[in-house]
Each structure stands twice: as structure tokens, then as C-alpha cells.
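Working notes for the structure below.
In my numbering, the protein residues as written are 252 to 446.
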């Protein structure tokens, strides 16, 4: 639910942004069972849990605490997370340069590969790519399976940095958040390292 909200926000931001040099910070949740608190203190009331692997818009950073925007539809609230459980990504707006690179990650027992292949433009001139994503789990392989969690190859269109399936609303595949300084890309629910 929260992932759809952030992707919906990204789609709206892209549709109405005039200045492409928009800078937004996002908090990627690195751990499971991370508390969302009403205030920036361990003694503050716990009001929920952040989704591991989720991405939230950062509203404020205060000392060792990060305040994030949690949206469900059009209703949003601002809650605090201990900064030790997040990776801050600084997205600098509509920049598709990351699509010329390949990406990977290894997170404990899970690993993945990601790449984009330019295949032309859509009928409105938007860049069109094939998106290749493979994510595997070593424990599943040890248990006798092929280990595949995700294996996708499908076309996507880039509209101001928002990646959309052709002829569908942009939150179907999801937005991409790319931090060029850290060489990190959040896409398809995973945090990828640029190779």
C-alpha cells in the first residue's frame, strides 16, 4: 500500500514538474520491523511499522532521526524513523542517464541483476526500453529449486524519469529513484548498486 502511494506521488510529481532540476530525498528502509514513531525519540509512541525495502519521501532529518511522509491515497502523515535503519537517496529529478548502466545487489542470501535496453520511442516520442530484472535466492537453490524470485523482461517507457508500462498508468511498474552520487537506484522494490 505504501509503495503504491510513493509511486503515485512520483507520477504526479513528474506530470506537473516544470523545473527538471528538482531535488527530493527518499528514505529506503534497510531492516524489517522498523518502528514508525510519533516523535523523534525512542520513548515516543510507536504508531506503525515501516515496510522493509520500502521507499518514503523525507520531510526532515533531525540528528539521528528521519521524518518521512506516509501516504495512503490523498491522506498523509509525518512519522519518525531512527536513521540507522534507512539509506538516504537524493534524487535530482528527471534524469534517465541511469538507464545506460547495469545494476546488481547482494543482500545476504538474495542477489539480483538489472539492466535496460533502448528499443526506440513510443508514438509520443518518449524513450522506450526493455527492462530486464533477475532476482534469486541462494537458500531456494540449496533446497533444490532454481532460486528465482523475480524474472521479468518487458517494455517500459520513460516519462520524465517515471517508468511506465506502455498504455498503462505510471504506477503499474513504478518510478525510479536514482542517486548519482551514491550510484544507487531504487526500482521494482529493490535497491540496486550501479556497476
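Note that the Cβ used here is the ideal one computed from N, Cα and C, for glycine as well.
Residue i beta carbon near the ligand FAD (any heavy atom closer than 6 Å)
i           : result
residue 435 : Of ligands this structure carries none, so the ligand FAD is not represented either.
Range covered by the alpha helix (DSSP H) that runs through residue i
i           : result
residue 392 : 389-393
Burial state of residue i, where buried means 16 or more other Cβ atoms lie within 10 Å
i           : result
residue 380 : buried
residue 375 : exposed
residue 396 : exposed
residue 407 : buried
residue 307 : buried
residue 288 : buried
residue 342 : buried
residue 329 : exposed
residue 426 : buried
residue 318 : buried
residue 424 : With a pLDDT of 39 at residue 424, under the threshold of 50, the modelled position of this residue cannot be trusted; read the value that follows with caution. With 16 or more Cβ atoms within 10 Å of its Cβ, residue 424 is classed as buried.
residue 409 : buried
residue 324 : exposed
residue 363 : buried
residue 274 : exposed
residue 392 : exposed
residue 384 : buried
residue 415 : buried
residue 386 : buried
residue 233 : What the structure shows of the chain is the stretch from 252 to 446, and residue 233 is not part of that stretch, so it cannot be assessed.
Integer Cβ distance of residue i from residue j, believed to fall under 8 Å
i           : j           : result
residue 405 : residue 382 : 6 Å
residue 280 : residue 305 : 5 Å
residue 355 : residue 443 : 7 Å
residue 282 : residue 303 : 6 Å
residue 390 : residue 360 : 5 Å
Enclosing beta strand (DSSP E) for residue i [first to last residue]
i           : result
residue 300 : 297-301
residue 413 : 413-415
residue 339 : 337-342
residue 432 : That residue, residue 432, is in no beta strand (DSSP E); it is neither H nor E in DSSP.
residue 278 : 275-280
residue 283 : Note, residue 283: premise wrong, no beta strand (DSSP E); not H, not E.
residue 332 : 326-333
residue 311 : 306-313
residue 409 : 399-410
residue 323 : 316-323
residue 441 : 441-445
TODO: Inspect the CB distances between the segment 362-381 and the segment 301-314 and report whether three or more fall short of 8 Å.
DONE: Contact fails: fewer than three Cβ-Cβ distances are below 8 Å.
Open item on the list: Contact between the segment 328-336 and the segment 344-358 is defined here as three or more beta-carbon pairs at a separation below 8 Å; is this criterion met?
Closed with: Short answer: they don't touch.
TODO: Quick one: which unbroken alpha helix (DSSP H) runs of 4-plus residues sit fully inside the segment 354-378? Chain order, please.
DONE: none
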